[in-house]
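Here's the structure, in structure tokens; my notes come after.
There are 2 protein chains.
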Amino acid sequence: MQILNGQELSKQIQAEIKLEVDAMIANGQRPPHLAAILVGEDGASQTYVDNKIKSCKECGFQSTMIRKDASLSENELIDIIETLNNDANVDGFIIQLPLPKHINENKILLRISPDKDVDGFTPHSIGLMTLGLDGFKPATPFGILKMLERYKIETKGKRCIVVGRSNIVGKPIGIMLGQNNPVGNCTVTILNSHTPDIEKYTREADILIVAIGKPKMVTADMVKEGAVVIDVGITRVQDDSKKGFHLEGDVDYAHVAEKCSYITPVPGGVGPMTVTMLLFNTLQSRKNKLKALNA
Amino acid sequence: MQILNGQELSKQIQAEIKLEVDAMIANGQRPPHLAAILVGEDGASQTYVDNKIKSCKECGFQSTMIRKDASLSENELIDIIETLNNDANVDGFIIQLPLPKHINENKILLRISPDKDVDGFTPHSIGLMTLGLDGFKPATPFGILKMLERYKIETKGKRCIVVGRSNIVGKPIGIMLGQNNPVGNCTVTILNSHTPDIEKYTREADILIVAIGKPKMVTADMVKEGAVVIDVGITRVQDDSKKGFHLEGDVDYAHVAEKCSYITPVPGGVGPMTVTMLLFNTLQSRKNKLKALNA
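The listed protein sequences correspond, in order, to chains X and Y.
Converting from the first sequence to the working numbering requires adding 295 to each position, the first position being numbered 1.
Converting from the second sequence to the working numbering requires adding 295 to each position, the first position being numbered 1.
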């Protein structure tokens, strides 16, 4: 069994990104610039955004953190988005989800300019992804693809089972792994809460991707010997520690690890890759703009 | 076994559409207006477009047919698209595919204004569909959903196998049937040319959708007793008849029909539904505009 070490791989890819940024700066160009909007006080969201900003700095990016109170109105948020859309010095921006309940997330996403949508969440980006065209791919599934690529895991003709059909993970990773790409050409089944007998499916998986948010839901008896297991779940489980919680994935790691060929740990698996692919997309956005300027 | 009669169902839905159009006209409003662009001389394409225009007339729609020689340049086509995008009297338009090889289809699709994309082919429309949001759904998979709905075929928790992963049929119907909708909540697997042992999958299908363009590829031994079989294939097979060809589906109808609970014939199954859902989308576009005017 080999660990898919998202932490290590992230370091490596971020070092590659930094090399490109250094070259940009050496050429007299400004580095990529990512802005992040955080509305409200959700603890996990704060940690995620802080990690993103920290990684920006480590890669030589410019970054802007926009923190707003949970009372922010939908129109005020739209004004912030418009400002970022029109700011030529911002290459991409993200709005950390979830948003407070009085703000309609779908309405907000429609306002993000597609050429700054480095989270890959807008309908336009999702459409390009579904059609197999160039565009910003959603960061978490893109991170999974990158992991499979760098660990040279064969996907063609493999049976892939995705547990969970969320718009930000399950659905896009299922779509992308089914496409005709070097990391792709899987036969993909996406399971949902109405699927009877999900074990029947998970036991058939050569590549099992779990993104449902139920700690230790996938047990060893549900996994085929030699499978590749990707655990996207990351749940704060309360405990008696000083922090008051620890993180748990959707997979019962200790027992599943014994059976499979590759597995992602939680934390340190898919999570860091998500941040890295966000930086990757932001660098790409900067490069797109430089290319357009030189064209 | 019951035939899923797309011809009959289309007549019925088109009659419902006509009622709405008649009411519009009685209210002093203009009817919906669809424009169709046909480039080149492909025989099947001409038949498809002619059928669409004929159905427009039968439903009381205004229609405009724009025929261009295969030598039309990409920029000339973009000019036509821009004119239609800006014409307040056109509610929707379609560009019959395939286009001549010197024209980049993906580049062209990006130029269609999303609010007139009644074929549902642009990245924005495909993104809305993937995210489960309101928008124009691609006509062929939308026609399949409508058929399942009108024939009251239960989909929740069913095993659905889609053979073929095209952007206009296989991929979108797989995505939509997996979503949390009244016609949806299936466990969907999309097969592709790298899938080993496709019979293993097709034999498990409660709902089998075939969209691959290989005449009679699905034989009776590949289908489970009592399955619902949707045949999207429509291939011109040469013969000694006066026309010189007849149409064949991807399913060996004569033998498969004996085993299944529901089946679509070819022709007269999915084909007419595609035209009908195009009209449905165009009517919807007209209604969206009227609603915006009254808001």
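All residues carry an ideal CB built from backbone N, CA and C; glycine is no exception.
Residue i vs residue j beta-carbon contact at 8 angstroms
i, j, result
"X:Pro-562", "X:Val-532", "no"
"Y:Val-334", "Y:Leu-367", "yes"
"X:Ala-506", "X:Val-527", "yes"
"Y:Thr-482", "Y:Tyr-496", "no"
"Y:Phe-431", "Y:Val-458", "no"
"X:Thr-425", "Y:Ile-407", "no"
"Y:Ala-552", "Y:Ile-558", "yes"
"Y:Leu-578", "Y:Glu-303", "no"
"X:Phe-415", "X:Pro-433", "A quick correction: the sequence has Gly, not Phe, at residue 415 of chain X. Yes, the Cβ-Cβ distance between X:Gly-415 and X:Pro-433 is below 8 angstroms."
"Y:Asn-480", "Y:Lys-447", "no"
"X:Ile-398", "X:Ile-332", "no"
"Y:Pro-418", "Y:Leu-428", "no"
"X:Ile-312", "X:Phe-575", "yes"
"Y:Tyr-380", "Y:Lys-411", "At residue 380 of chain Y the sequence reads Asn, which differs from the Tyr that was named. Yes, the Cβ-Cβ distance between Y:Asn-380 and Y:Lys-411 is below 8 angstroms."
"Y:Asp-535", "Y:Val-513", "no"
"X:Gln-297", "X:Glu-353", "no"
"Y:Pro-467", "Y:Pro-436", "yes"
"Y:Thr-301", "Y:Met-471", "The residue asked about is misnamed: residue 301 of chain Y is Gly in this sequence, not Thr. Going by C-beta atoms, Y:Gly-301 is not nearer than 8 angstroms to Y:Met-471."
"X:Leu-372", "X:Ile-403", "yes"
"X:Gln-324", "X:Leu-585", "yes"
Under the three-state DSSP convention, the category residue i falls into
i, result
"X:Cys-455", "strand"
"Y:Asp-526", "strand"
"Y:Gln-341", "helix"
"Y:Ala-383", "coil"
"X:Phe-388", "strand"
"Y:Leu-304", "helix"
"Y:His-489", "coil"
"X:Phe-540", "strand"
"X:His-397", "coil"
"X:Val-413", "coil"
"Y:Val-518", "coil"
"X:Thr-484", "strand"
"Y:Val-513", "strand"
"Y:Gln-357", "strand"
"Y:Arg-406", "coil"
"Y:Val-478", "coil"
"X:Arg-531", "strand"
"Y:Val-464", "coil"
"Y:Tyr-496", "helix"
"Y:Pro-418", "helix"
"Y:Glu-449", "coil"
"X:Leu-265", "The question about residue 265 of chain X has no answer here: the residues shown for chain X are numbered 296 through 590."
"Y:Phe-575", "helix"
"Y:Ser-368", "coil"
"X:Lys-584", "helix"
"Y:Lys-349", "helix"
7 angstroms Cβ shell around residue i - same chain, five flanking residues per side excluded
i, result
"Y:Pro-491", "none"
"Y:Gly-438", "Val-565, Met-568, Thr-569, Thr-571 and Met-572"
"X:Arg-362", "Leu-333"
Beta-bridge partners of residue i, as assigned by DSSP
i, result
"X:Leu-333", "X:Arg-362"
"Y:Leu-503", "Y:Ile-456 and Y:Val-524"
"Y:Gln-297", "Y:Tyr-557"
"X:His-328", "X:Gln-357"
"X:Val-570", "DSSP output for X:Val-570 lists no bridge partner at all."
"X:Val-546", "X:Val-513"
Close-in-space but distant-in-sequence residues of the same chain around residue i (CB under 8 angstroms, 5 per side omitted)
i, result
"Y:Ala-522", "Ala-500, Asp-501, Ile-502, Leu-503, Lys-554, Cys-555 and Ser-556"
"X:Asp-364", "Val-334 and Gly-335"
"X:Gln-341", "Leu-333"
Cβ neighbours of residue i in the same chain (closer than 6 angstroms, five flanking residues each side left out)
i, result
"X:Cys-351", "Leu-329 and Ser-358"
"X:Ile-525", "Ile-439, Ile-504 and Thr-559"
"Y:Asp-386", "Pro-327, His-328, Thr-577, Ser-580 and Arg-581"
"Y:Ile-493", "Leu-486"
"Y:Gly-355", "Lys-313, Val-316 and Pro-326"
"X:Lys-453", "Cys-481, Asp-501 and Ile-502"
"Y:Cys-455", "Leu-472, Cys-481, Val-483 and Ile-502"
Contacting positions in the stretch 482–503 of chain Y - beta carbon closer than 7 angstroms to chain X
Thr-482, Val-483, Thr-484, Ile-485, Leu-486, Asn-487, His-489, Thr-490 and Pro-491
Taking only beta carbons into account, state which residues of the stretch 419–435 of chain X come closer than 9 angstroms to chain Y, listed in chain order.
His-419, Ser-420, Ile-421, Gly-422, Leu-423, Met-424, Thr-425, Leu-426, Gly-427, Leu-428 and Gly-430
At a Cβ cut of 7 angstroms, what residues of the stretch 390–410 of chain Y count as close to chain X, listed as they run along the chain?
Asn-401
Which residues, taken in chain order from the stretch 305–320 of chain X, show a beta carbon closer than 7 angstroms to some beta carbon of chain Y?
Contact residues of the stretch 305–320 of chain X toward chain Y are absent (C-beta to C-beta distance below 7 angstroms).
If you measure beta-carbon to beta-carbon, which residues of the stretch 568–588 of chain Y are closer than 8 angstroms to chain X?
Listed by position, the residues of the stretch 568–588 of chain Y near chain X (Cβ gap below 8 angstroms) amount to none.
Note down, in chain order, all residues in the stretch 530–563 of chain Y with a beta-carbon under 7 angstroms from any beta-carbon belonging to chain X.
none
Closer than 7 angstroms, Cβ to Cβ, to anything on chain X: give me those residues from the stretch 449–460 of chain Y, in chain order.
Lys-451, Gly-452 and Arg-460
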